[in-house]
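Here's the structure, in structure tokens; my notes come after.
Protein chains: 2
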Amino acid sequence: MHNYNVIGKNIKRVDALEKVNGTACYSDDITFRNMLHAKMLHSPHAHARILNIDISKAVKLPGVRSVITSKDIPFNSNLGEEKGWILAEEEVCYIGDPVAIVAADSIEIASKALGLIKVDYEILPAVIYLEDAMKENAPIVCPGTTTNLIMDKHSVRGDVEADFLRADVIVSHTVHFPHIIQGYLEPNSATAVYLNGELTIYCGSQAWHRLKKDVASRCGIAENRVIIRPMSMGGAFGGKSEQITAIVAGLLAIKTNRPVKFTRSREEDFYDSHPTVEMIVKVTLAADKEGHFLSRKTEYLGDVGAYGVAGTWVLGVASYRADTSYKFNSVEVRTKGVRLNRTPTAAYRGYGNQQAHFALETTIDVLANELNIDPSDLRLKNYISPNTISIHGYHISSCGLKECMHRARELIAWDELRYKKTENKVGVGCATLVHAAGSRAGDPEFPGDSALLQCDMDGKLTVWAGEAEFGQGAKTVMAQVVAEEFGVDVSDVRVVLGDTQHTPFATGTHGSKLTTILANAVLFACQKAKKEILDEITTITGSGMLEIKNGNIINFKKDVLMTLQEALREVCLKRSGAPIIVMGEYRPAAVLLDETGYGNLAPTYPFGVQAAEVEVDEETGRIYVKRIVSVHDSGKIINPQMAAGEVYGGVLQAFGFSTMEHLAVNNQGLLLGGTLLEYKIPTILDAPDIIADFIETVDPHGPYGAKSLGEPPIVSVLAAISNAVYDAIGITLNDAPFTPLKVLKAIKEKTKKV
Amino acid sequence: MHNYNVIGKNIKRVDALEKVNGTACYSDDITFRNMLHAKMLHSPHAHARILNIDISKAVKLPGVRSVITSKDIPFNSNLGEEKGWILAEEEVCYIGDPVAIVAADSIEIASKALGLIKVDYEILPAVIYLEDAMKENAPIVCPGTTTNLIMDKHSVRGDVEADFLRADVIVSHTVHFPHIIQGYLEPNSATAVYLNGELTIYCGSQAWHRLKKDVASRCGIAENRVIIRPMSMGGAFGGKSEQITAIVAGLLAIKTNRPVKFTRSREEDFYDSHPTVEMIVKVTLAADKEGHFLSRKTEYLGDVGAYGVAGTWVLGVASYRADTSYKFNSVEVRTKGVRLNRTPTAAYRGYGNQQAHFALETTIDVLANELNIDPSDLRLKNYISPNTISIHGYHISSCGLKECMHRARELIAWDELRYKKTENKVGVGCATLVHAAGSRAGDPEFPGDSALLQCDMDGKLTVWAGEAEFGQGAKTVMAQVVAEEFGVDVSDVRVVLGDTQHTPFATGTHGSKLTTILANAVLFACQKAKKEILDEITTITGSGMLEIKNGNIINFKKDVLMTLQEALREVCLKRSGAPIIVMGEYRPAAVLLDETGYGNLAPTYPFGVQAAEVEVDEETGRIYVKRIVSVHDSGKIINPQMAAGEVYGGVLQAFGFSTMEHLAVNNQGLLLGGTLLEYKIPTILDAPDIIADFIETVDPHGPYGAKSLGEPPIVSVLAAISNAVYDAIGITLNDAPFTPLKVLKAIKEKTKKV
């Protein structure tokens with residue numbers, strides 16, 4: 054076991070203080086002189102033809118500086134491809150679809166101007182529910198298309214039919230996962246300044262450099278005329294990768310030649326951001342009588358929304374990833390994505406893996422019940438081993454699944470809860486999870502990440518990288534890597550993430566990639582910089598065989614020649630003040646998936662087991678989730694406290710959509726609860742007791758053996774709760790969230806059957 | 054002659070638009086939530102002992118967050134060395150000396166709190182006038198010292214006595230140059246934020262990296278915990294190198310843990326900034342009868358103010374530089390710097406050269422008069438030649454002085470004005486000037502400058518350098534160099550100057566150095582980057598012998614392989630997104646001066662000739678400066694329009710202190726005009742007709758042959774006007790500014806004598 058100074062230690066987040074004392078500057082905090090405020094007009098109809106937009110009254114309102122509709126946008130629509138338009142052209146296709154934007158001297162004037170824009174609509178039939186999209190004579194959701202089916206993929210690995218023929222037992226189970234929101238604290242906001250032909254946008258994003266490209270193309274200016282400046286972010290959770298806020302602010306800034314702020318209201322983000330993909334998933338599982346999994350057939354039907362944004366990608370991840378935890382002989386998967394007249398769907402922490410694991414991991418319990426095998430034992434029997442290749446071609450280097458399960462059972466008191474039940478309706482359930490540490494799903498040209506390390510004359514070490522800090526703690530992790538490598542204090546390291554004027558290109562912060570992929574790039578940068586410094590010090594002092602240790606330059610006799618700070622001063626002085634700047638690059642040995650979804654898409658894979666203890670009140674239908682034990686194999690843990698924080702947050706979010714969250718609509722597509730008063734997100738008072746624990750494997754591909762942990766904690770909590778409810782009262786809940794109403798209904802149906 | 058695309062062209066300033074349309078963000082424009090406002094209490098006495106400071110009432114005022122006096126400052130005083138203290142300790146030594154600072158919720162509260170601070174003073178005798186400092190029994194200006202004489206240097210080169218013995222004519226002349234202010238538009242201002250143990254200061258400065266050091270040591274935190282972020286600056290002219298505004302804001306931010314803004318009033322900057330060094334200069338010049346200069350003796354007496362800030366350095370430059378234009382056999386110089394109970398003096402565009410040239414160049418006209426030689430011919434006879442070493446050891450590479458004089462005479466219509474006079478009191482005068490393109494007077498460790506060039510995937514080229522843009526156009530010049538080298542448009546280049554978080558160390562922007570020293574570093578960076586790009590493209594394409602021309606990669610057959618932008622995309626993609634970053638360094642072959650002031654302190658030297666046409670109203674004493682012809686040998690001119698702008702500005706400033714500007718005090722040290730209403734700075738209506746012209750030598754040490762032009766235009770205008778007045782009415786004005794009162798007095802005295 055390595056002896057680290059900083060790695061594996063509970064280092065305080067480098068941005069803790071600014072978050073706590075309110076000094077952090079969020080997008081809405083920044084202001085400029087002469088700044089205008091923007092407001093957006095959204096469609097009130099789920100589907101309608103736009104006959105006319107009359108802005109004449111709005112533009113005449115004193116204080117209104119610009120009113121923009123689709124025709125004012127240099128590159129508005131790429132409906133031919135997957136994505137939609139910035140502002141609706143011929144039709145509006147969901148309630149909330151943006152129609153016009155106004156920039157005015159104040160928010161009040163801009164709001165008033167919205168009321169003066171007259172849009173004539175011809176209402177068209179709409180498709181609101183997932184089951185209706187493929188019905189015969191279903192209306193076409195969106196203009197320029199002839200079908201609502203946007204994705205239809207089928208892949209088969211191994212001889213599925215033969216495995217099903219020789220199976221001793223076959224179980225089938227269908228689940229439904231609804232639209233839910235990411236629930237970030239800070240609504241989307243951006244402020245744009247157009248100056249000297251250069252557009253600078255201050256905002257939050259998960260993908261600064263891609264946003265730069267998008268802003269440039271949509272606003273019709275050259276890419277190298279755009280700078281994106283990151284502000285502090287109040288969460289993202291996948292929901293801030295494809296927002297148009299920055300584009301709109303940019304368009305208005307160019308149009309008006311004045312700074313423009315566009316901060317969306319919470320209600321706007323409810324109606325017009327990108328919720329999760331609603332899915333109906335059917336799993337059929339074939340096993341032998343000892344419980345060895347033989348084969349699995351899965352059918353996915355998912356809603357990508359009115360326009361494709363990232364829904365098909367999410368369905369792609371859902372299709373394959375959950376199979377990775379187990380040894381399967383064969384699998385078959387059929388995935389259909391359809392359009393609905395609802396807001397486009399996209400990523401949410403877990404990226405389809407919540408839906409896929411809900412389906413598979415509840416089906417496994419159905420099988421366990423059928424075979425009368427303990428569900429945890431059934432999983433243990435089927436877990437994939439380290440150093441193998443999964444059914445979808447993933448190279449599994451480390452895998453601590455068995456240890457995770459044993460630890461989870463121990464921590465939840467599995468045997469006691471399950472087999473020594475008392476009267477009250479208490480139950481325990483478990484579920485497995487797997488995720489990828491980054492993936493090549495993004496820009497095919499960019500498998501990896503790069504980081505600049507700047508070593509300054511004053512001894513400060515600065516990391517510059519194009520990825521995003523949105524609360525997950527990436528800055529702290531990168532600072533820890535540099536501090537470890539140079540033997541300095543974390544506070545001697547500065548980490549700047551995302552300013553596109555200086556940071557190297559990065560595809561964006563998704564897929565739990567930073568602690569593996571970016572940290573590797575930072576690690577390599579440190580190694581290069583240390584070599585450069587030592588070579589220079591050798592030239593200056595004549596001493597060779599030097600090392601950097603504990604912030605000092607030492608020779609082979611362990612004598613301290615000088616401090617690192619002194620060394621940097623010497624070296625930079627020699628270079629007329631120029632700092633040492635090195636680039637670290639890391640490209641995982643990962644490949645793009647082939648047509649069938651096969652291929653090793655990530656450098657390594659984190660695993661975990663969730664276990665839930667529940668008590669069901671059969672009279673009210675309320676499920677009390679008492680404890681969630683969440684045990685992760687995320688390789689070496691860089692910062693235990695922050696890692697536990699990730700687990701607490703992810704589990705709590707999953708608890709939310711397990712028991713209360715649901716973006717319900719009426720048959721006109723209108724939200725039944727489009728505010729935080731009505732859309733219930735758990736508060737700390739609702740929270741179950743969450744126990745986070747880690748099985749620390751040492752992965753050969755991660756820095757110091759680390760894998761990743763960003764998304765895993767949210768995955769499989771839903772299945773574990775469902776399985777625990779079955780253990781408690783013998784009913785299988787398959788329609789999330791498990792609200793008292795649904796639970797009561799299920800109890801009634803079960804009673805009827807009996 | 055080279056054929057350049059961008060160099061030598063009238064490229065629009067890259068920061069023109071933001072300055073013109075008001076979008077530029079100056080120090081006072083930036084605000085933070087919860088920001089406090091600071092106000093400073095200044096001494097009302099020229100000299101007094103501080104018996105007690107009672108802040109008890111002030112701290113109790115609601116809204117006051119901190120009151121700081123000297124004892125709260127980690128490193129307040131280094132009076133043992135040259136510099137003073139941040140806040141007065143035992144004594145106050147000039148009217149305006151800072152005593153306490155207050156941070157409060159509003160400026161109003163802070164101002165009110167100042168009135169509640171009770172300071173008990175024991176008034177001490179003060180030294181107000183330069184002539185009094187060295188008098189017997191003169192009071193000691195400042196505590197901890199035993200004499201007011203802070204500098205006393207004497208150097209002799211050649212056999213001065215022998216040259217004086219063989220001289221045919223010896224003339225002697227004494228001039229007086231008063232205190233004047235730099236007259237920048239924007240008073241000093243800084244906003245400080247202390248967060249996560251890191252202090253970030255948003256301000257203006259001429260020396261970002263030195264300021265960082267100063268802030269760190271004064272505030273008692275590590276250097277690598279300080280970031281200085283440059284704001285747009287409303288001028289500096291030497292006056293923003295040693296200001297304490299940023300330090301004070303930083304101290305208060307640390308103390309209160311809240312952002313603090315400290316914007317000084319114009320009045321504060323009048324009383325407590327750093328005006329020029331007041332000097333009395335006596336020149337004795339020895340020549341043969343043909344007018345060949347043989348030797349010169351000069352005595353300088355200058356005021357460094359109550360505490361030394363940079364006054365002694367200014368006196369150092371004054372002592373030697375002006376001799377450079379001429380061939381002298383020998384020189385002797387004696388320089389004394391004294392303390393007065395007045396605000397410390399420091400740099401002003403020209404840095405002592407205005408004073409020195411005033412003395413020498415008026416004395417030359419006295420000699421010309423004595424010898425009855427045309428003063429322009431007398432100068433031509435004595436000019437130093439290119440490729441020689443001056444009396445003080447300067448290596449003169451290019452020198453277009455003769456051509457400058459011929460051009461100036463032509464443009465001012467010298468012969469006509471001088472020798473075909475009509476009735477009215479019109480006169481013409483000329484004066485020579487020399488300056489250095491940068492100098493090693495600063496940090497002895499740093500002879501040069503360095504610049505980072507970042508070539509991004511999107512084709513943008515960004516220069517990062519630690520120097521300052523304060524209006525002189527450095528950003529535009531650097532952008533021109535990069536645009537020229539890559540054959541791209543200036544707008545494809547971004548220039549970031551001064552952010553200490555990313556730019557390499559630089560000593561600061563003084564001494565007209567950027568167009569020579571920094572531009573050379575940028576040029577070398579371009580050459581390195583081009584090589585790196587081409588090597589990579591050779592590796593990728595297999596084609597060798599490539600060149601970058603007009604923004605394209607071309608081969609030896611001049612075929613375009615791809616655009617530079619395409620090439621950068623390829624190369625950066627190959628490096629996982631990392632941009633190409635190279636460091637350009639330039640170290641001039643200059644040395645530190647020896648003890649006697651001997652040595653080649655700069656890579657090259659700009660020269661020039663000023664010629665003035667005046668008309669004197671003998672009844673009112675008013676001098677009408679009708680035209681100033683300002684002809685410069687600044688080597689190759691990078692941007693003629695901007696160069697002319699430098700000349701217009703510098704000449705106008707010099708016209709100001711020739712005719713009206715003067716920081717006069719009464720015998721208590723109180724300013725007789727401490728506002729812009731009373732202290733007269735010329736407006737455009739006062740301005741003479743200014744004709745700028747250039748003799749473009751091609752200097753081997755400058756980029757494209759460029760020398761420098763920042764300071765030269767302000768030098769020797771005063772002498773040219775004085776000489777023109779002599780030509781007009783036969784009196785020699787030696788006491789600047791030449792106000793009507795002084796002119797009338799001189800006329801009266803002359804009449805008396807006659």
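Here the protein sequences line up with chains R and A, keeping their order.
Note that my numbering has the first sequence beginning at 54, numbered continuously upward.
Note that my numbering has the second sequence beginning at 54, numbered continuously upward.
Where a beta carbon is used, it is the ideal one built from N, C-alpha and C, also for glycine.
Note that the coordinates shown come from a computational prediction; the quantities given were computed from them, not determined experimentally.
Contact list for residue i against chain R, beta-carbon separation under 8 Å
i, result
"G344 (chain A)", "Those within 8 Å of G344 (chain A) in chain R number zero; the least Cβ separation is about 44 Å."
"S503 (chain A)", "R628, S629, G630 and A631"
As assigned by DSSP and simplified to three states, the class of residue i
i, result
"C146 (chain R)", "coil"
"L420 (chain R)", "helix"
"V530 (chain R)", "helix"
"K308 (chain A)", "helix"
"S544 (chain R)", "helix"
"K62 (chain A)", "coil"
"T712 (chain R)", "helix"
"P428 (chain A)", "helix"
"E623 (chain R)", "helix"
"C483 (chain A)", "strand"
"S775 (chain A)", "helix"
Neighbour-count burial assignment, residue i, 16 or more Cβ in a 10 Å radius
i, result
"P766 (chain A)", "buried"
"R460 (chain R)", "buried"
"A747 (chain R)", "Position check: residue 747 (chain R) holds Phe in this sequence, whereas Ala was assumed. With 16 or more Cβ atoms within 10 Å of its Cβ, F747 (chain R) is classed as buried."
"T485 (chain R)", "buried"
"K528 (chain R)", "buried"
Contact list for residue i against chain A, beta-carbon separation under 9 Å
i, result
"R86 (chain R)", "G75, T76, C78 and D82"
"R547 (chain R)", "E251, N277, I280 and Q554"
Listed by chain order, chain A residues near residue i by CB distance under 8 Å
i, result
"T657 (chain R)", "Within chain A, no residue comes near T657 (chain R); the closest Cβ sits about 18 Å away, beyond 8 Å."
"Q259 (chain R)", "What Q259 (chain R) touches in chain A: nothing, since even the nearest Cβ is about 16 Å away."
Separation of residue j from residue i, as counted between CA atoms
i, j, result
"L794 (chain A)", "N720 (chain A)", "20 Å"
"V301 (chain A)", "V120 (chain A)", "11 Å"
"F128 (chain A)", "I274 (chain A)", "10 Å"
"V635 (chain R)", "A299 (chain A)", "32 Å"
"K474 (chain A)", "A665 (chain A)", "15 Å"
Residue i versus the options, residue with shortest Cα-Cα distance
i, options, result
"A532 (chain A)", "A:H55, A:A166, A:Y57 and A:I64", "A:I64"
"G491 (chain A)", "A:V644, A:K206 and A:W467", "A:V644"
"G482 (chain R)", "R:T562, R:V770, R:K602 and R:I601", "R:V770"
"V549 (chain R)", "A:L550, A:Q554, A:A371 and A:A306", "A:Q554"
"G650 (chain A)", "A:E385, A:G524 and A:D427", "A:E385"
Within chain R, partners of residue i - CB distance below 9 Å
i, result
"G250 (chain A)", "L70 and S544"
Within chain A, the residues that residue i reaches when beta carbons sit closer than 7 Å
i, result
"C625 (chain R)", "F558"
"P632 (chain R)", "P557"
"K584 (chain R)", "Going along chain A, no residue has its Cβ under 7 Å from K584 (chain R), so there is no contact; the nearest lies around 17 Å."
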